[in-house]
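Presented below is the structure to which this report refers.
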Amino acid sequence: MGVDPGLKIGEKVNLQKIREIFQCGSMGGMLPVNRTNVMVIIADHTLDFYHDKWKDGILYYTGTGKIGDQQLDGNPGYKNGKLYHSKTNGMQLHLFEILKKREYIYRGIVVLANQPYQEEQLDENGVKRKVWIFPLKLVEEELKLDLLDDQTIMTSLASVQDKDLPFHFSYNGKPKDKGKPVVIDKIEIYKRDRKISLNALAYARFECEIDRTHESFIRKNSNTNYTEPHHLVPMAFQNNFSVSLDVEENIVSLCSNCHNLLHYGRDYLFLLKRLYESRKNLLKKVGIDITFERLIQMYQ
Ligand SMILES: [Zn+2]
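Residue numbers (full-length UniProt numbering): 1 to 300.
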């Protein structure tokens with residue numbers, strides 16, 4: 001489920017338009033729609049009352065409920081509950097921000113960046129109470145940067161030379177620390193290591209792991225066959241794991257055709273299943289424990 005609003009990121013609309021697109025209500029900053037499993041989230045920076053703040057690419061969004069402790073159930077607390085469980089209930093979250101009265105700026109789809117938590121704030125009557133804070137991050141910007149990093153590695157590996165090739169690589173079978181993300185334009189991404197992708201390709205003898213007879217071509221500056229590295233569990237989901245996804249065990253070597261099919265093809269499931277079956281035990285060893293169902297969700 002979900003809604004394609006047909007809006008450009010940064011496009012300014014009014015509330016009426018939002019209601020038409022999402023078929024949502026108009027009261028408050030959290031507007032869930034059960035039928036489509038969507039929630040419109042509005043961060044209104046013109047209000048003195050809520051203090052939604054951006055920091056390092058994360059919007060710390062205050063839950064709903066103006067008086068007393070904010071709840072995760074009841075009314076309007078159930079909206080907080082839906083957002084709290086959005087990673088498991090699959091609810092699609094669309095963020096709008098208001099910087100100028102009645103002007104809603106579309107920011108795109110967001111997801112929980114971290115576990116929601118409670119903090120103390122004053123309520124409408126100036127009484128101290130507990131509110132829920134939801135750390136939210138933009139998905140589309142993150143995916144764009146992630147794709148860019150993927151492209152960078154591919155380009156850099158395309159010109160690999162024989163002297164760069166690892167001759168004695170083998171899996172070490174241990175979970176790796178995921179390290180710190182790099183912050184670009186307030187968005188955190190986990191960078192790929194060129195060397196690790198190269199190891200993975202070399203380990204696969206620069207053949208396509210879907211079918212080793214798939215034809216490719218010889219690289220310009222090396223005697224090796226051209227294949228592309230692909231992170232089976234996508235790097236864009238690094239935040240959901242406590243260990244690094246940038247490990248040889250999670251990188252498969254694919255011919256360009258299979259790689260594109262996996263990303264853009266209608267029949268990608270067959271390929272994904274084959275790769276998953278061949279890697280699931282290796283992945284478990286390095287702490288990447290994932291079901292096929294969850295992996296499919298990541299590719300949708
Ligand atoms: Zn192939």
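No residue lacks a Cβ here, since even glycine has one placed at the ideal position from N, Cα and C.
PRO229 beta carbon less than 9 angstroms from that of MET298: no
Per-residue DSSP class, three states only, for ALA113: coil
Please report whether the beta-carbon of LYS8 lies at a distance below 9 angstroms from any beta-carbon of chain C. No chain C appears in the structure shown, which is made up of a single protein chain.
Examine ligand 1 and report whether any of its heavy atoms sits within less than 8 angstroms of the Cβ of LEU254. yes
Residue span of the beta strand (DSSP E) that contains THR62, given as start and end: 58–62
Any chance the CB of residue 304 is under 8 angstroms from a heavy atom of ligand 1? Residue 304 lies beyond the stretch modelled for the chain, which goes from 1 to 300, so this question has no answer here.
Kindly examine ligand 1 and report whether one of its heavy atoms sits closer than 8 angstroms to the Cβ of CYS258. yes
Please report the distance separating the alpha-carbon of GLY81 from that of LYS130. 15 angstroms
If you draw a straight line from the C-alpha of LYS55 to the C-alpha of LEU145, how long is it? 18 angstroms
Among the candidates ASN225, ILE210, GLU209, whose CA atom is the shortest distance from the CA of SER216? ASN225
Any chance the region 245–255 sits against the region 189–205, with 3 or more Cβ pairs inside 8 angstroms? yes
I'd like the span of the beta strand (DSSP E) that includes GLU97, first residue to last. 92–100
Thinking C-beta only, is ILE42 closer than 9 angstroms to LEU31? yes
Span separating the alpha-carbon of GLU20 from that of TYR117: 32 angstroms
Classify MET91: buried if its beta carbon has 16 or more other beta carbons within 10 angstroms, exposed otherwise. buried
Beta-carbon spacing of LEU232, ASN250 below 9 angstroms: yes
Nearest to GLY6 by CA position, among LYS66, ARG107, TYR84, LYS79, is which residue? ARG107
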